[in-house]
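Down below is the structure, laid out as structure tokens.
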Amino acid sequence: MPGNQSHFEELESFDVSFAPVKITKWRSYRTGLQVCYIDQPSPIVQGYFAVATEIPDDSGCPHTLEHLVFMGSQKYPYKGYLDTLGNRFYSSTNAWTSVDQTVYNITTAGWEGFKTLLPIYLEHILYPTLTDEACLTEVYHVDGKGEEKGVVFCEMQGYETQPTFQLFLKMQRTLYAKESGYSSETGGLMSELRNLTNEQIREFHKSLYRPDNLCVIITGSIDEEEMLKIMSDFDSELPLLPSKPNKRPFVDSVHDERLKESLVEEFEFPEKDESMGEILISWIGPKYDDSLTYEALEMLGYYFTENANSLFNKNFIEVENPLANEVYHSYDNYWNTGINYVFSGVPSNRLKELDEKVKKLIKEQAKPENFKLDFMKQIIRQQRLSLIFDCEKKPTHFQTCAVLDFLYSPVKSENLKKWANCTDEYDTLLTWKAEQWCQIIEEYLVKNHSATLLGKPSAELNKRIKLENKKTKEDRIAKYGEEGLKQLEEKLDKAKTKNDQPIPEELLVKFGKPDPSKINFIETKSYKQGQNDLVAGYETSGSFQDKLDADKLEENPLFFHFEDFKSQFITIHLVMSTKDVDKELLRYLSIMEEIFNMAITLPDGTYIPYEKVINTLNDDLIEFELDNGFDGQFLEFIHIKVKCEFTKYKAAVDWMYKIMTMNTIEKDRIKVIVEKIINALPEKKRSGELMMYSKQFRTLFTNDSTRRAQDPIYNEEFYKQLLDDIENDKFDKIKQDLSAFKKQLFTLNNFKVFVNGGCEQIVNPVSSWLDFIKAFEPTNELIPIKSLPRSHQFRSEIGLRCSKNVYAVTIAAIESSNLVTLTKIPVDYLEDDIFKIALASEYLNAVEGPLWRGLRGTGLCYGTSVSRNIETGYLNYSIYSSTDVEQAWSTSKKIISHYGNGTSKFEKSKVEDSISAIMNGLANGQSNLFDASMVKVADNVFRNRGPNYRAKLVAKLKTITEEELVSVMNKYFKKLFEPEHSIVFTSIPSSKGEQVQSFFQKEGYEVEIEEVSNEDLELESEEEETESEGSSDESDSGSDLE
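One point on numbering: in the UniProt record's numbering, the residue at position 538 of the sequence shown is 538, and numbering is uninterrupted.
This is the structure:
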């Protein structure tokens, strides 16, 4: 727009060297408000509104504002207005708080909706209402039963006892001064949230939520001129910059110096199982703007931790009697970069030993003669390709750079351009000699003093905390007394009433509604070859079809599906069924997942050790794995995925058959893998949610389901027995079983080939598979697509019955509860009721919808979710991080019952908003070419609902009546809470076992308690599976309509 109409001065504008991205940054001369536009073509427009947030205490003010901003603004003083309006405009919001920032984000299908919401969202950020009533329900309160609640409190309660949370918090205290913002827990410790006042929150907002401390970052396809006009209009209403510049958080503060001496401290975390601990080793590194050094340290992180050949893995993990089960590195992008190495699954009696050996190894790598330069160059090349691939898909890298630039850089600097184009730094690092790398190691990881925290589990501490919590509650109830608790309940009820004032309809409709036809969904082109006899949705002409026709094989036993779009990369998916694999062999699946990390023996007898296999794989491929599922869905499939540049297509195909047919099963290597699986168990048992889902997998599915076969608790004794057999020279049976597994799984008639990416650039897209085909014995007729296994086919007797039972897992290490209840639904994707269930689910799930207001809005839990999983045939309702799971259950039951009996009505406008939300979900799931191609494969091939499903869905949703929604509420949703039609899984603190058992027995359920502790779980034998199997929900829940 013409310069005299805008308050925004352009600070910089540049093209990214390795991606089709242009970045432009402006700053208002009136207010200091900054705007950064990342122009990367996408139908999804995203906003990231960053506020620099510095606080020297653990009160949690930054985190509380992340929640309270959504409770209404001065212009729109209604709780949930922003989200309710967002539903109409194909939009969703979220936010996060880190140590130095709070970022509010919005994701919208199209510019039309985004431009309407942009000034409204910013007004909520700068001018929230911050009422006492909102603070009471959203942050912290005590209810009439003496229970502590509040959304923020529930969230932090779920984190605070976790070892990793405690480890990093203590490290912040160790590295940084007490008065430093970097030493604070910005989420708010529970002890501080209890005493936090709304006045403190208001003061914090007043001091930091200023235009000059806010940066608006926008990504996607927009009208740039219109955006500047909207921002200039908004800026016109903001206060002018003060004559004396405001203090910039962190930038104008005292900067922490590096440690004067190295520290090693042991600390205890509460845990019954005392076998495994954790280690965190940290340093304060280079200043934020030393990007070359930062990238060098980042590459060293991969050098030490990335794969089985990385030095920490090779020396401490991929060995017999390992010193750790897992290691990863992370960096804190502060004024001075924080460098972190985290080891988990460390034997508690060897914590100090590992710390010493890690530092010794680092010191050895500071000598040029020990440094593996070729390995480092391979890492840089691979990370470079991974970054380019990720930037083809999404703008996350550029958005992260923009936030960091806003937080720390001078108003005018070259940092953003330098960081966005970080592949230039990679190219420089590729020219480095060993001496330069060793200099970095010496300066930042050897001479630079480190802090080490040895996290040791303590059963005694766990017991003490439980007793203290019990006493705290007793004291709290005694403090208030019966009358005081009654007053607290009345105060809470009044707050709920004020918070839940209805939003006037005219405020929702005044902005109109975007035209859904203007949402530009991404399209890719499908092609087929070989045994693919599917009809719908395939191209039959064009240059790539000509290439396929010219490259045909005389005999092609494989099913081929190609998804072509513009890209430098190719992803090959090899999908298999487990139906011909003996069910007793499926328990080896977790070992088979390591197949890319094993040695191979070539046909001429040449032996290639696993280290060299991994090294060569990394030369040719960007990513490679074997797992169950396909794109996080269809979990009964086995799936091999390899990702590469299109020029490495033939090499990728060859690697797949070599890994499958030449894999060498070695005793020592299998022992290492089995030990890793066993050593990972204590950490898994600390996760309430994971243990709840484990119980679900073990209960709802049979032994020939990959869900159950992969479950760590179900397999605990199996893997311990394997280790015992290996150590007692009984490996031959294991080797025979693994060989049989491979032979039964890897057959030509069981392979379905899917190729996504820049297919048209591939040389010989079909004949490149000739050697692959020859590597396997000819087989019978191809297993048809329709015969691929579906999850509902593996339901156990309990899963089929789906009634009467509650399975409660009690865990000493957790403070909050999770719950999921399930009832049966149809398994046909095009069944009429599925569309009605989808719409009803979205209505219930809406931000500020009935469940949100009734549970999260009253502080009963952190969140709830209704999801349908058509693959398993279950409707699921989940409650997360609840301080009072019984009350959360009762409230949920009441809300859904009211929609079934007519007490609550389905509002027409909100039903329309729910359809918009489904559309937004569809668009978000297909926001880039790669994701769009995967959705297309899932819809057209695996779900068999046709290439026009999206149009069919929208048309169907618009015909659903209120009467039909009421009908499905009674037919399915109410059954989630009826013992005759539902089965419930929950993870709860050990102290609440009897309480929860009594509650659900009164509800009419039979309750089984399973305690997770340092003692082995009492697992059901295979013969008893029909009485007490267990399990978890899967990641494709709710995505089956997307």
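For every residue, glycine included, the Cβ atom is placed at its ideal position computed from N, Cα and C. Note that the coordinates shown come from a computational prediction; the quantities given were computed from them, not determined experimentally.
For residue i, the residue or residues it bridges with in DSSP
i	result
phenylalanine 630	Gln633
histidine 124	DSSP lists no partner for histidine 124.
leucine 214	Val51
cysteine 560	The question names cysteine, but residue 560 is phenylalanine in the sequence shown. According to DSSP, which records beta bridges pairwise, phenylalanine 560 is partnered with Gln529, Val753.
tyrosine 328	Val342
alanine 109	Ile44
methionine 276	Pro347
phenylalanine 269	Pro457
histidine 639	Val575, Asp627
valine 35	Trp26, Val216
tryptophan 283	Ile339
Per-residue burial, residue i [other beta carbons within 10 Å of its own, 16 or more giving buried]
i	result
tryptophan 335	buried
leucine 1017	Confidence in leucine 1017 is poor, its pLDDT being 41 and thus under 50, which makes the residue's placement unreliable; the coordinate value appears in the next sentence. With 16 or more Cβ atoms within 10 Å of its Cβ, leucine 1017 is classed as buried.
asparagine 421	buried
glutamate 1022	A caution first: glutamate 1022 carries a pLDDT of 31, below 50, which makes its placement in the model unreliable, though a value can still be read off. Exposed: under 16 other Cβ atoms inside 10 Å.
glutamate 185	buried
proline 242	exposed
serine 543	exposed
arginine 945	buried
glutamate 9	exposed
tryptophan 769	buried
aspartate 83	buried
proline 270	buried
7 Å CB neighbourhood of residue i in its chain, flanking five on each side removed
i	result
proline 514	Phe89, Tyr90, Gly110, Glu112, Gly113
proline 784	none
leucine 844	Pro850, Leu851, Val866
valine 575	Phe630, Phe637, His639, Lys752, Phe754
serine 282	Met171, Leu175, Gly338, Ile339, Asn340, Ser450, Ala451
Three-state secondary structure assigned by DSSP to residue i
i	result
phenylalanine 153	helix
glutamine 529	strand
residue 1044	Residue 1044 lies beyond the range of the chain shown here (1 to 1042); nothing can be said about it.
isoleucine 734	helix
valine 941	helix
lysine 22	strand
proline 765	coil
aspartate 46	One detail in the question is off: residue 46 reads as glutamine in this sequence, not aspartate. In the structure shown, glutamine 46 sits in a strand (DSSP, three-state: E or B).
histidine 449	coil
glutamine 487	helix
glutamine 74	coil
methionine 598	coil
glutamine 200	helix
valine 866	strand
tyrosine 182	helix
phenylalanine 741	helix
glutamate 369	coil
alanine 846	coil
Contacting residues, own chain, Cβ-Cβ under 6 Å from residue i (five flanking each side not counted)
i	result
serine 13	Thr24
methionine 263	Looking at the sequence provided, one finds leucine at residue 263 rather than methionine. The residues are Ala451.
proline 682	Asp273, Ser275, Met276
residue 1044	The first residue shown for the chain is 1 and the last is 1042, placing residue 1044 beyond what the model contains.
tyrosine 48	Val103, Asn105, Ile217, Gln399
asparagine 618	Gln378, Gln382
histidine 792	Val827, Thr872, Gly873
lysine 79	Met71, Gly72, Asn499
leucine 976	Thr821, Thr823, Tyr877, Ser982
Cutoff 8 Å; reference residue i; Cβ partners in own chain excluding five residues on either side
i	result
proline 603	Met662
glutamate 593	Glu625, Leu626, Asp627
methionine 969	Ala840, Ile896, Tyr899, Gly900
serine 291	Asn415, Lys418, Trp419, Cys422, Glu425
alanine 938	Phe630, Asp631, Gln633, Phe634
serine 914	Asn87, Leu839, Glu842, Tyr843, Ala846
*Taking only runs that begin and end inside the segment 781-842, name each unbroken alpha helix (DSSP H) of 4 or more residues, in chain order.*
List check, alpha helix (DSSP H) in window: 797-801.
*Which runs of the alpha helix (DSSP H) spanning at least 4 residues fall entirely within the segment 897-937, listed in chain order?*
The segment 897-937 contains these whole alpha helix (DSSP H) runs: 908-924, 929-937.
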